[in-house]
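Keeping their order, the protein sequence lines are chains A and B.
Position one of the first sequence corresponds to residue 4 (our numbering), numbered consecutively onward.
Position one of the second sequence corresponds to residue 154 (our numbering), numbered consecutively onward.
Right, one structure below, let's go through it.
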Amino acid sequence: MNLSKSEFTSLCKRSLRGKGHHWGICEDLSNALLALALNGFPAPNILLEALNTENSKLIQIFNIVDAKAYETSNKINGTFYDPILILGLISVHRDLKMPSLEVSLDNEPFILVDDLIIGDRSYSRKKINTISFCTEKHNNTIKDDFVTRVAIDETTLKAIDYWSKLTYAPSTEQSRNLGAGSEISDND
Amino acid sequence: MTLNFDDKISEFDVTLRPPEKVMRLSRLGSFHQSRLSFLRILLRRISAEKWKFSRKIFEIGDDCSGTAVYTYQLSGRAYSLIAFAHKISDDERSDRVIATKWDSTFTLFDGIPSKKDINRLKHNVPNQEAGRVSEKEITLSRANKSVRLWDYVVNCLSNGQQPDIQEIEKVGYMMRTTAVYGSGKFGAVDYTEISNRPEFGTPFQAEMLTVYMIRAFVIDLLQHAAKVKNPNKYVQLDSKFCEMLGVGNSTGLGMAPFLINHPQLLNNWISAKEKALARIRGLNEPKKACIELFKNYIKRSNYLIESWNSKHELQALKLDGLRRDKIILDNYVEKFNFNSSYPFNTLYEWAEQTLGEEAQELLVSLILEPFGELIDDLSHGMSDAKQFTTKINGSMLVGEFRKKTEKHYAYALKINWNNSKNNELAWYVSEEKLEPRLGNRFKEEGIEFYEQPLQPSRDVARMHLDLSKWENNKSIAEFLMKHPEHRHIIRRCQIIFNNPYAEIQDNTISSDVIPIDLLRAKLSFFGAFHFDPRSDRWVRINMFKGAPLPQTLDNENCDNWTYPEQSAT
């Protein structure tokens, strides 16, 4: 099945919310997942991994990256505050017992150097221990608009949708009759 | 009418109306369509670029079900409305999202569909949310008949008679849409994939095009029904009646979250309108022809107001006030000295002191009407290419952030959030066809758990309380590491700091909030009029009523229809 970009983003946001994440984190992770999907990464599977990761662990990863970002934020105008890295870390099964990430800044304007460049952002498919910045543009930059749909298999969709459904209120007669502010039938 | 506009914008500095005035729900809920409304922009483009309209297929049977295809051909592209007519029983007809059958269903196809395309869509479009469309489709829509008017007009035409004009006016449309989905919904193409096409550069142009073509289909279907009923005696609907008929729309809460979820876009819409008003208020000596046209529109607008009916208590009260104020406005304009300096500024300032918000906003729309050459360019800035992707600036210092929050959200920080009345409602989505709903969190058990983030005022207040415990020289990044629950509202605040009209400056979960104010604000930008609430969270409106049909649309009539001529008599 192919999802539109907005359908995929909505699926990400709803399922992550269903898992109990804060709205702002759902928003950031959804945008990051879409960026990964558009650049040929198996974003639905990464999302599923995120959903199968304990929330506290995800927040812990957030804090690691955010803390490192903060260390350099005065040099990069704070623009490096990007959860795409977190998803990258999840997708390579990073062991949280390992030492903190090493973040270094060469000079501005920066891009991350690794396998994937998305605008000014990047992460590697490989195991990441070090994040570094440099000024050189990477040759294999992939444009965001290259891919327009997100392929997802039925099994993965079903597994993700389980979490989405947790955001919908159960239907009751009271809700059905009063919640929308209109009668059920319309024949004027 | 087109005017040659050679007035310069004067040095006179008319400041934009402040957000704390414009962005209140009561004012947003008093907005009227204007020449910067999206359907107006669409009709100007179609006529300027001379798009060619044709009916490609009309395979509708004697039972009035079947398929039709209408195409607009423009330079290098074509867009086709594929319409499916259905036969349904009265008890199956519902305007709610939870409906599963409709009188007609539609999709806007990118190009001219092949038989294979139509066959694929025949198995999906009639199912709407339960079906699936593809990247070749831009919108998905459906409409229900106004049964009373439909049967009446079909009977008249089949007996060789034209309908009574009063009956047509009472309803104003033969069918009303109950949803026009776009931008990637149910598999359709994402807006970002087509937003670089000039014809879709302004928001909601594909949706407006869909509705405009639906209007043509509905008239054809109506006449077909009359012909089938009495092939020997039937007559075509008089063209003046065809033009009088718009397309209705029945809208519920699904539309309200959009404005809250798209702050940057909302800012761009309101900014365009406010800049337009300021440009005209800043004219020292507006062209005589523009003044005459304005006076003409003032008179002609009476017909629109007279034919606007609503039985709903809220709207009936507003209409009474509008009618009273319109008499005062007419008298004032009649005697007003347009040779004075900055006449439209004087007129607006008088209105602000004298009239209610409904009449003030009507006046704003009327002021914009004659000045197309001065303001139409503002429509180019109404989109938002970067929506949804704003990243948080983590390096902003807490002190600066707090100061800006207190400036932009002063109204929210004054609210007593411990008072249950100020916190009574919760926006949620039902599992029943994902229908958006609004409930009382203290009475409907469990709905708070499903609450959507549609209460920025309360969330800002909560965030501000936590932020007040932090030192000014700490960064927002540090704050968010400790308080990830505020991440969404921090991002929102940073958007609002740079976009003054991005936030609705009211409490969206208060016991006395009127959700239809949100709906009306959006619908006015679509170009709707004759707002007729069915409740405080449900409204019916009319679109394209009085507009030329595709066959007659041209540069002369593309704008000069919203205030019908007959009212000037």
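All C-beta atoms in this analysis are idealised placements derived from N, C-alpha and C, irrespective of residue type, glycine included.
Keep in mind the model is a prediction, meaning the values are calculated, not measured.
Where residue i falls: helix, strand or coil (DSSP)
i                 : result
Gln506 of chain B : helix
Lys254 of chain B : coil
Trp204 of chain B : coil
Thr499 of chain B : helix
Leu293 of chain B : strand
Phe184 of chain B : coil
Ala700 of chain B : coil
Met408 of chain B : helix
Leu706 of chain B : coil
Arg273 of chain B : helix
Trp461 of chain B : coil
Asp685 of chain B : strand
Cys711 of chain B : coil
Cys663 of chain B : In the sequence as presented, Cys is not what sits at residue 663 of chain B; that position holds Ser. Coil, per DSSP.
Residue closest to residue i, alpha-carbon to alpha-carbon, out of the options
i                 : options                                : result
Asn695 of chain B : B:Tyr365, B:Ser664, B:His683, B:Phe650 : B:His683
Ser190 of chain B : B:Glu360, B:Ile291, B:Tyr305, B:Ala283 : B:Glu360
Trp580 of chain B : B:Leu566, B:Asn572, B:Phe595           : B:Phe595
Asp216 of chain B : B:Ser200, B:Lys452, B:Glu352, B:Ala238 : B:Ala238
Asn546 of chain B : A:Asp31, A:Phe11, A:His25, A:Pro45     : A:Asp31
Arg223 of chain A : B:Ser287, B:Asp304, B:Gly313           : No statement about residue 223 of chain A is possible, as the shown extent of chain A runs from 4 to 191 and does not include it.
Tyr165 of chain A : A:Ser9, A:Gly23, A:Asn5                : A:Gly23
Met616 of chain B : B:Tyr562, B:Asp665, B:Asp373, B:Trp303 : B:Tyr562
Glu510 of chain B : B:Asp537, B:Asn312, B:Glu656, B:Lys471 : B:Lys471
Asp537 of chain B : B:Trp422, B:Pro609, B:Leu550, B:Glu505 : B:Trp422
Glu202 of chain B : B:Asn708, B:Trp461, B:Arg432, B:Asn713 : B:Asn708
Leu302 of chain B : B:Asp529, B:Leu375, B:Gly552           : B:Leu375
Asp270 of chain B : B:Ser233, B:Asn492, B:Val306, B:Glu245 : B:Ser233
Leu706 of chain B : B:Gly592, B:Pro279, B:Glu396, B:Arg690 : B:Glu396
Ile318 of chain B : B:Leu398, B:Asn492, B:Pro637           : B:Leu398
Thr158 of chain A : A:Leu51, A:Lys168, A:Phe11             : A:Leu51
Leu261 of chain B : B:Glu282, B:Val342, B:Lys240, B:Leu195 : B:Val342
Lys441 of chain B : B:Pro496, B:Val324, B:Ala674, B:Ser621 : B:Pro496
Asp665 of chain B : B:Asn593, B:Lys488, B:Glu505           : B:Asn593
Ser178 of chain A : B:Lys205, B:Leu591, B:Phe678           : B:Leu591
Asn5 of chain A   : A:Ala183, A:Leu160, A:Ile155           : A:Ile155
Thr253 of chain B : B:Ser267, B:Leu274, B:Pro279, B:Gln506 : B:Pro279
Tyr365 of chain B : B:Glu718, B:Tyr716, B:Pro717, B:Lys698 : B:Lys698
Cβ neighbour criterion (16 or more within 10 Å) applied to residue i
i                 : result
Ser183 of chain B : buried
His276 of chain B : exposed
Arg477 of chain B : exposed
Phe411 of chain B : exposed
Arg193 of chain B : buried
His465 of chain B : buried
Lys479 of chain B : buried
Ser33 of chain A  : buried
His533 of chain B : exposed
Phe113 of chain A : Model confidence at Phe113 of chain A stands at a pLDDT of 32, short of 50, so the residue's coordinates are unreliable; what they give is reported in the following sentence. Label assigned to Phe113 of chain A: buried.
Leu618 of chain B : exposed
Lys16 of chain A  : buried
Ser187 of chain B : buried
Gln658 of chain B : buried
Ser242 of chain B : exposed
heavy atom of the ligand PLP below 7 Å from residue i C-beta
i                 : result
Pro496 of chain B : This structure does not include the ligand PLP; it has no bound ligands of any sort.
Minimum Cβ-Cβ distance from residue i to chain D less than 8 Å
i                 : result
Ile155 of chain A : Annotation note: the requested chain D is absent from the structure, which comprises protein chains A and B.
For this session: Quick one: which residues of the stretch 683 to 711 of chain B get their C-beta closer than 8 Å to a C-beta of chain A? List them in chain order.
Result: Arg687, Ser688, Asp689, Arg690, Trp691
Exercise. Which of the residues in the stretch 566 to 590 of chain B, read from start to end, lie with their CB under 7 Å from any CB of chain A?
Worked result: Tyr581, Val582, Ser583, Glu584, Glu585, Leu587, Glu588, Arg590
Exercise. Given 8 Å as the limit, is there contact between the stretch 639 to 650 of chain B and the stretch 584 to 599 of chain B, that is, 3 or more CB pairs closer than that?
Worked result: no
For this session: Examine the Cβ distances between the stretch 322 to 340 of chain B and the stretch 288 to 302 of chain B and report whether three or more of them are shorter than 8 Å.
Result: Verdict: yes, contact present.
For this session: Select from the stretch 169 to 188 of chain A all residues with a C-beta closer than 7 Å to any C-beta belonging to chain B, and list them in chain order.
Result: Listed by position along the chain: Thr170, Tyr171, Ala172, Pro173, Ser174, Gln177, Ser178, Arg179, Gly182, Ala183, Gly184, Ser185, Ile187, Ser188.
Exercise. Going along the chain, which residues of the stretch 281 to 292 of chain B sit with their C-beta nearer than 7 Å to a C-beta in chain A?
Worked result: Glu288
Problem set entry | the stretch 520 to 529 of chain B touching the stretch 621 to 633 of chain B, judged by at least three CB pairs closer than 8 Å | Between the stretch 520 to 529 of chain B and the stretch 621 to 633 of chain B, the count of Cβ pairs shorter than 8 Å is below three; the stretches do not touch.
Exercise. Taking contact to mean at least 3 C-beta pairs separated by less than 8 Å, is the stretch 359 to 377 of chain B in contact with the stretch 701 to 708 of chain B?
Worked result: yes
For this session: Compile a chain-ordered list of the residues in the stretch 13 to 28 of chain A whose CB is closer than 8 Å to at least one CB of chain B.
Result: Using a CB distance below 8 Å, the part of the stretch 13 to 28 of chain A facing chain B consists of His25, Trp26, Gly27, Ile28, ordered along the chain.
Exercise. Contact between the stretch 336 to 343 of chain B and the stretch 304 to 313 of chain B: three or more CB pairs below 8 Å?
Worked result: They do not touch, by the three-pair rule.
Exercise. Using Cβ-Cβ distances below 8 Å, what residues of the stretch 638 to 649 of chain B are close to chain A?
Worked result: Glu638, His639, Arg640, His641, Ile642, Ile643, Arg644
For this session: Using a Cβ-Cβ cut-off of less than 7 Å, give me the residues of the stretch 217 to 251 of chain B that come near chain A, in sequence order.
Result: Asp243, Asp244, Arg246, Ser247, Asp248, Arg249
For this session: Kindly confirm or deny that the stretch 345 to 352 of chain B and the stretch 413 to 427 of chain B touch, where touching means at least three C-beta pairs closer than 8 Å.
Result: no
For this session: Assess, as a yes-or-no matter, whether the stretch 241 to 257 of chain B is touched by the stretch 381 to 392 of chain B under the definition of 3 or more beta carbon pairs within less than 8 Å.
Result: no
Exercise. Quick one, which residues of the stretch 344 to 365 of chain B are near chain A if we go by CB-CB under 7 Å, in chain order?
Worked result: Thr345, Glu346
For this session: With 8 Å as the C-beta to C-beta threshold (strictly closer), list the residues of the stretch 324 to 337 of chain B near chain A in chain order.
Result: Val324, Ser336, Gly337
Exercise. Can we say the stretch 224 to 232 of chain B touches the stretch 378 to 386 of chain B, given the rule of at least three CB pairs closer than 8 Å?
Worked result: no
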